[in-house]
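Asker: Listed in order, the protein sequences are those of chains A and B. The first sequence begins at 0 in numbering that gives the first Met the number 0 and counts up one residue at a time. The second sequence begins at 0 in numbering that gives the first Met the number 0 and counts up one residue at a time.
There are 2 protein chains.
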Amino acid sequence: MASQSDHKAAIIDGKAIAQTIRNEIAEEVPGLAVVIVGNRKDSQSYVSMKRKACAEVAIKSFDIDLPEDVSQDDLIAKVHELNANTDVRGILVQLPLPKHINEEKVLSEISIEKDVDGFHPLNIGKLAMKGREPLFLPCTPKGCLELLSRSGISIEGKKAVVVGRSNIVGFPVSLLLLKADATVTVVHSHSHDPESIIREADIIIAAAGQAMMVGSSQIVVP
Amino acid sequence: MASQSDHKAAIIDGKAIAQTIRNEIAEEVPGLAVVIVGNRKDSQSYVSMKRKACAEVAIKSFDIDLPEDVSQDDLIAKVHELNANTDVRGILVQLPLPKHINEEKVLSEISIEKDVDGFHPLNIGKLAMKGREPLFLPCTPKGCLELLSRSGISIEGKKAVVVGRSNIVGFPVSLLLLKADATVTVVHSHSHDPESIIREADIIIAAAGQAMMVGSSQIVVP
Numbered sequence: 000m001a002s003q004s005d006h007k008a009a010i011i012d013g014k015a016i017a018q019t020i021r022n023e024i025a026e027e028v029p030g031l032a033v034v035i036v037g038n039r040k041d042s043q044s045y046v047s048m049k050r051k052a053c054a055e056v057a058i059k060s061f062d063i064d065l066p067e068d069v070s071q072d073d074l075i076a077k078v079h080e081l082n083a084n085t086d087v088r089g090i091l092v093q094l095p096l097p098k099h100i101n102e103e104k105v106l107s108e109i110s111i112e113k114d115v116d117g118f119h120p121l122n123i124g125k126l127a128m129k130g131r132e133p134l135f136l137p138c139t140p141k142g143c144l145e146l147l148s149r150s151g152i153s154i155e156g157k158k159a160v161v162v163g164r165s166n167i168v169g170f171p172v173s174l175l176l177l178k179a180d181a182t183v184t185v186v187h188s189h190s191h192d193p194e195s196i197i198r199e200a201d202i203i204i205a206a207a208g209q210a211m212m213v214g215s216s217q218i219v220v221p
Numbered sequence: 000m001a002s003q004s005d006h007k008a009a010i011i012d013g014k015a016i017a018q019t020i021r022n023e024i025a026e027e028v029p030g031l032a033v034v035i036v037g038n039r040k041d042s043q044s045y046v047s048m049k050r051k052a053c054a055e056v057a058i059k060s061f062d063i064d065l066p067e068d069v070s071q072d073d074l075i076a077k078v079h080e081l082n083a084n085t086d087v088r089g090i091l092v093q094l095p096l097p098k099h100i101n102e103e104k105v106l107s108e109i110s111i112e113k114d115v116d117g118f119h120p121l122n123i124g125k126l127a128m129k130g131r132e133p134l135f136l137p138c139t140p141k142g143c144l145e146l147l148s149r150s151g152i153s154i155e156g157k158k159a160v161v162v163g164r165s166n167i168v169g170f171p172v173s174l175l176l177l178k179a180d181a182t183v184t185v186v187h188s189h190s191h192d193p194e195s196i197i198r199e200a201d202i203i204i205a206a207a208g209q210a211m212m213v214g215s216s217q218i219v220v221p
């Protein structure tokens, strides 16, 4: 049972909200470099969406396509070149990278001022701490909060349950919810009886990498 | 009601455990600099405990006592001197500092390798992220986990509730509990009905800066 009587489960139309945001963006960002290595179908699809979104809002996209067998040194040299290019305000390196490349090493070479994914530990630390502000917010967590806000759902004081604790989505979204004054619980693969915890939630963020893991039986309030 | 029937509230003897740990420490740490500015009674009492604990375990303590009206520049110059001193492995600057000094600025001047309080955002970020390890753990949160561990209380899968979310105790202890695979909920001043959440907990860490805030009525399992 949810603790508040004004709750019902609602499906948020993320696509419509994303389109609204793109329409709102002016020419804030002069240039975004999107780096892809190799030919993974999923990565190509993500990258092509990012480039298309850039085009739609008049952000200049710098498309860096490198072959699957590019050396780590050559990839890092490219990152350094983008760090130095003043037309490039943000750098996204699409993950995963091929096995012969150390992802952590490559990501740590991105200048923190251009690390628009916000995954640098210094950035995550500032996101986590009261009274500090990160330079960038990781995009999916920020998107979750934006969806709630634009759907008129208040967060303060609500019981929010985050399912999953990845560095990329689950964990940073729990930080953002806590900063927004939710009572936050993080549920994960070691949690006992996660269903009962999820049933108590006012807001559920399912970020466990598996669609439909949280079913309507858990979110519909009787 | 707690979710597991094998739970009862127990009082942990922190003083006895601290003594055991001091007895265990050999001469691991060559030198700890403890810096105090001014004459605050509470700060002097904390610092004197730290220096006494150093003496007990043969850690060389570098005692830096500066007057209340020391300038920020002089304090920072002292921090730089300690950074450069190879006999000093750790630096503690006792907080709070006098109002004319910017704490964040002074703390950020401590070399990250000697920031034994572990409050640098880079350190907190590494503590927060999966697959990264911080250089140092903040002492009170680490102490809480040590108390649990030395009292034979397992954490994995347990419902842990942290009351309070300060940068110094509540928040980092929630990170440590999550890393130890607890299902962690952070309760704070904006939480609705915190009592009911606390009653469900297997482990409660009360870090709200007020003794006896969590009473026996909330932790005794019927």
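Glycine included, each C-beta is placed from N, C-alpha and C at the ideal position.
Among A/N84, A/I35, A/D62, which has the Cα closest to the Cα of A/D68?
Answerer: One-based indexing of the first sequence puts residue 68 of chain A at position 69. Here the closest residue by C-alpha is A/I35.
Asker: Would you report the Cα separation of B/I167 and B/S195, rounded to the nearest angstrom?
Answerer: Along the second sequence, one-based indexing puts residue 167 of chain B at 168. Along the second sequence, one-based indexing puts residue 195 of chain B at 196. Going from the Cα of B/I167 to the Cα of B/S195 covers about 25 Å.
Asker: Any chance the stretch 182 to 199 of chain A sits against the stretch 126 to 145 of chain A, with 3 or more Cβ pairs inside 8 Å?
Answerer: No, the stretch 182 to 199 of chain A does not touch the stretch 126 to 145 of chain A.
Asker: Which of helix, strand or coil does DSSP assign to B/T19?
Answerer: On the second sequence, position 20 is the one that residue 19 of chain B refers to. Three-state result, B/T19: helix.
Asker: Got a sec: which bits of the stretch 146 to 157 of chain B sit with their beta carbon under 9 Å from any beta carbon on chain A, in order along the chain?
Answerer: Within the stretch 146 to 157 of chain B, the residues whose Cβ lies closer than 9 Å to some Cβ of chain A are E155, G156, K157, listed in chain order.
Asker: If you measure between the beta carbons of A/I109 and A/V87, is that distance less than 8 Å?
Answerer: In the first sequence, counting from the first residue as 1, residue 109 of chain A sits at position 110. In the first sequence, counting from the first residue as 1, residue 87 of chain A sits at position 88. Contact flag unset, no.
Asker: Please give me, in chain order, every unbroken run of the beta strand (DSSP E) with length at least 3 that falls completely inside the stretch 60 to 122 of chain B.
Answerer: Counting only runs of 3 or more, we get 89 to 92.
Asker: Starting from B/K158, follow the beta strand (DSSP E) in both directions and report where the run begins and ends.
Answerer: The count along the second sequence starts at 1 and reaches residue 158 of chain B at position 159. It spans 158 to 162 - the beta strand (DSSP E) in which B/K158 sits, taken as one unbroken run.
Asker: In whole angstroms, what separates the C-alpha of B/P221 from that of B/S153?
Answerer: Residue numbering aside, residue 221 of chain B sits at position 222 when the second sequence is read from its first letter. Residue numbering aside, residue 153 of chain B sits at position 154 when the second sequence is read from its first letter. With a pLDDT of 35 at B/P221, under the threshold of 50, the predicted position of this residue should be treated as unreliable, though the coordinate-derived value follows. Approximately 21 Å between the Cα atoms of the pair.
Asker: Which partner residues of B/V34 appear in the DSSP bridge assignment?
Answerer: Translated into the one-based positions of the second sequence, residue 34 of chain B becomes position 35. Paired residues: B/I63, B/V92.
Asker: Of all the residues that make up the stretch 182 to 203 of chain B, which are near chain A by a beta-carbon distance shorter than 8 Å?
Answerer: Result list: T182, V183, T184, V185, V186, H187, H189, S190, H191, D192, P193, S195, I196.
Asker: Between B/G163 and chain A, is there a C-beta pair that is closer than 8 Å?
Answerer: Taking the first residue of the second sequence as position 1, residue 163 of chain B is located at position 164. Output row for B/G163: interface = no.
Asker: Pick helix, strand or coil for B/A181, following the three-state DSSP scheme.
Answerer: In the second sequence, counting from the first residue as 1, residue 181 of chain B sits at position 182. Correct three-state label for B/A181: coil.
Asker: Counting only Cβ-Cβ distances shorter than 9 Å, please list the residues of the stretch 97 to 130 of chain A near chain D, keeping chain order.
Answerer: You won't find chain D in this structure, because its protein chains are A and B.
Asker: Taking its Cβ as the centre, do 16 or more other Cβ atoms sit within 10 Å of A/H99, making it buried, or is it exposed?
Answerer: Counted from its first residue, the first sequence places residue 99 of chain A at position 100. Classification of A/H99: exposed, given that the 10 Å Cβ count is below 16.
Asker: According to DSSP, simplified to helix, strand and coil, what is A/I204?
Answerer: Along the first sequence, read from residue 1 onward, the residue named residue 204 of chain A stands at position 205. Of the three classes helix, strand and coil, the one that applies to A/I204 here is strand, per DSSP.
Asker: I need the straight-line Cα distance from A/K59 to A/P171, nearest angstrom please.
Answerer: The count along the first sequence starts at 1 and reaches residue 59 of chain A at position 60. The count along the first sequence starts at 1 and reaches residue 171 of chain A at position 172. For A/K59 and A/P171, the distance between alpha carbons rounds to 28 Å.
Asker: In whole angstroms, what is the alpha-carbon distance linking B/N101 and A/L177?
Answerer: Against the second sequence, residue 101 of chain B aligns to sequence position 102. Against the first sequence, residue 177 of chain A aligns to sequence position 178. Near 26 Å, if we compare the C-alpha coordinates of A/L177 and B/N101.
Asker: With respect to the alpha helix (DSSP H) encompassing A/P140, which residues constitute its N-terminal and C-terminal limits?
Answerer: Numbered from 1 along the first sequence, position 141 holds the residue referred to as residue 140 of chain A. From DSSP, the alpha helix (DSSP H) with A/P140 extends over 138 to 149.
Asker: Show which residues of chain A have a CB atom less than 7 Å away from the CB atom of B/P180.
Answerer: Against the second sequence, residue 180 of chain B aligns to sequence position 181. Strictly speaking, residue 180 of chain B in this sequence is Asp, with Pro absent from that position. Within 7 Å Cβ-Cβ: H189.
Asker: With 8 Å set as the bound, which would you pick, yes or no: does the beta-carbon of B/F135 sit closer than that to a beta-carbon of chain A?
Answerer: Along the second sequence, one-based indexing puts residue 135 of chain B at 136. No - not a single Cβ of chain A is within 8 Å of the one on B/F135.
Asker: Is A/S173 buried or exposed, if buried means 16 or more other CB atoms sit within 10 Å of its CB?
Answerer: Locating residue 173 of chain A in the first sequence gives position 174, counting from the first residue. Buried.
Asker: Closest to A/P97 by C-alpha separation, out of A/R50, A/I10, A/S42, would be which residue?
Answerer: Numbered from 1 along the first sequence, position 98 holds the residue referred to as residue 97 of chain A. Checked all of A/R50, A/I10, A/S42; the closest Cα to A/P97 is A/S42.
Asker: Would you say B/L177 reaches chain A, if we count a Cβ-Cβ gap shorter than 8 Å as a contact?
Answerer: To locate residue 177 of chain B, count along the second sequence from 1; it is residue 178. So, interface residue.
Asker: Please report how far the alpha carbon of B/I111 lies from the alpha carbon of B/G89, in whole angstroms.
Answerer: Along the second sequence, read from residue 1 onward, the residue named residue 111 of chain B stands at position 112. Along the second sequence, read from residue 1 onward, the residue named residue 89 of chain B stands at position 90. In a straight line, the C-alpha of B/I111 is about 10 Å away from that of B/G89.
Asker: Taking 8 Å as the threshold (C-beta atoms), are B/L81 and B/A8 in contact?
Answerer: Along the second sequence, read from residue 1 onward, the residue named residue 8 of chain B stands at position 9. Along the second sequence, read from residue 1 onward, the residue named residue 81 of chain B stands at position 82. In this structure, B/L81 does not lie closer than 8 Å to B/A8 by Cβ.
Asker: Per DSSP, A/V186 is paired with what?
Answerer: As a working note, residue 186 of chain A is residue 187 in the first sequence. A/V162, per the DSSP bridge assignment.
Asker: Report the three-state DSSP secondary structure of A/R50 (helix, strand or coil).
Answerer: In the first sequence, the residue the question calls residue 50 of chain A occupies position 51. Reduced to three states, the DSSP call for A/R50 is helix.
Asker: Give every residue of the same chain whose Cβ lies closer than 6 Å to the Cβ of A/D64, excluding the five residues on either side of it in the sequence, and list them in chain order.
Answerer: Here residue 64 of chain A refers to the residue found at position 65 when the first sequence is read from its first residue. Closer than 6 Å at the Cβ level, and outside the excluded window around A/D64, lie I35.
Asker: Which whole-angstrom value is the C-beta distance of B/V161 and B/I204, which I expect to be below 8 Å?
Answerer: Translated into positions along the second sequence, residue 161 of chain B becomes position 162. Translated into positions along the second sequence, residue 204 of chain B becomes position 205. The Cβ separation is near 5 Å, so the contact holds.
Asker: Between B/P140 and B/L175, is the Cβ-Cβ spacing less than 8 Å?
Answerer: Here residue 140 of chain B corresponds to residue number 141 of the second sequence, with the count starting at 1. Here residue 175 of chain B corresponds to residue number 176 of the second sequence, with the count starting at 1. In contact: B/P140 and B/L175 (Cβ atoms closer than 8 Å).
Asker: Just tell me which of B/G130, B/I16, B/L94 has its CA closest to the CA of B/D116.
Answerer: Looking up residue 116 of chain B in the second sequence gives position 117. That would be B/L94, whose Cα lies nearest to the Cα of B/D116.
Asker: Return the Cβ separation of A/D180 and A/E155 in integer angstroms, given the expectation that the two are a contact with Cβ distance under 8 Å.
Answerer: In the first sequence, the residue the question calls residue 180 of chain A occupies position 181. In the first sequence, the residue the question calls residue 155 of chain A occupies position 156. Going by Cβ atoms, the distance from A/D180 to A/E155 rounds to 4 Å, so yes, they are a contact pair.
Asker: Select from B/N22, B/F61, B/C138, B/A159 the residue whose C-alpha is nearest the C-alpha of B/G118.
Answerer: Translated into positions along the second sequence, residue 118 of chain B becomes position 119. Looking at the sequence shown, residue 118 of chain B is not Gly but Phe. Answer by Cα proximity: B/C138.
Asker: For A/D192 and B/D62, what's the separation of their Cα atoms in angstroms?
Answerer: For the purposes of this step, residue 192 of chain A is taken as the residue at position 193 of the first sequence. For the purposes of this step, residue 62 of chain B is taken as the residue at position 63 of the second sequence. Their backbone Cα atoms lie some 51 Å apart in a straight line.
Asker: Express the C-alpha separation of A/N84 and B/V56 in angstroms, rounding to a whole number.
Answerer: Counting from one through the second sequence, the residue named residue 56 of chain B turns up at place 57. Counting from one through the first sequence, the residue named residue 84 of chain A turns up at place 85. If you take the alpha carbons of B/V56 and A/N84, they lie about 54 Å apart.
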